[in-house]
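Per our numbering, the sequence shown starts with residue 394, numbered consecutively.
Have a look at the structure below before the remarks.
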Amino acid sequence: MKISNYPNYVILEDEKNNIIDFASFIENQVPSKYKDQNVVLNLLKYDSLDLPQLLLFLKTSNVHRKTKQSFVIVNDALEVDDIPVEMTVVPTLQEAEDIIEMEEIERDLGF
């Protein structure tokens with residue numbers, strides 16, 4: 394896994410090419426190692442990602458968001474209408490950063 398640290402978030406990226414193994418690995422790593430950080434999953438390399446593959450990250454997303462931290466997935470293969478409302482999926486890393494900033498502001502304001 395490739396890890397890129399930024400002041401208010403961390404980007405995690407699969408260095409292998411197995412989305413199922415990566416999802417399982419993330420499910421174990423995020424709650425323990427990244428519980429106090431906003432997390433961005435860079436899945437841009439999966440240009441044929443489908444909904445069942447995306448849903449492999451749903452549990453991790455829900456668990457992490459309950460800790461009042463952002464969990465944003467970056468991928469542009471899926472149609473916006475196909476993405477569950479419980480998940481935050483954006484097409485670019487810049488948009489992921491923007492989402493984290495907005496969610497940080499919302500948390501600071503008590504939302």
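Note that the Cβ used here is the ideal one computed from N, Cα and C, for glycine as well.
In three-state terms, what does DSSP make of residue i?
{"i": "L502", "result": "coil"}
{"i": "V456", "result": "helix"}
{"i": "I396", "result": "strand"}
{"i": "I413", "result": "helix"}
{"i": "L437", "result": "coil"}
{"i": "E406", "result": "strand"}
{"i": "I476", "result": "coil"}
Can you tell me whether residue i is buried or exposed? The criterion is at least 16 other CB atoms within 10 Å of its CB, across all chains shown.
{"i": "S454", "result": "buried"}
{"i": "F415", "result": "buried"}
{"i": "Y399", "result": "exposed"}
{"i": "F504", "result": "exposed"}
{"i": "N401", "result": "exposed"}
{"i": "I412", "result": "buried"}
{"i": "I466", "result": "buried"}
For residue i, which option in the options has the closest C-alpha, if you only look at C-alpha atoms?
{"i": "K452", "options": "V433, N411, P424, D429", "result": "P424"}
{"i": "V473", "options": "S463, I396, P484, L405", "result": "P484"}
{"i": "E420", "options": "N410, L449, M394", "result": "L449"}
{"i": "I492", "options": "L502, T481, D501", "result": "T481"}
{"i": "L442", "options": "N410, K426, K459", "result": "N410"}
Is the separation between the beta-carbon of residue i and that of residue j shorter than 8 Å?
{"i": "L434", "j": "D475", "result": "no"}
{"i": "Q430", "j": "Q462", "result": "yes"}
{"i": "L502", "j": "L471", "result": "no"}
Under 7 Å from any heavy atom of the ligand SAH, does the C-beta of residue i make it?
{"i": "T485", "result": "With respect to the ligand SAH, the structure shown offers nothing to examine, as it has no ligands at all."}
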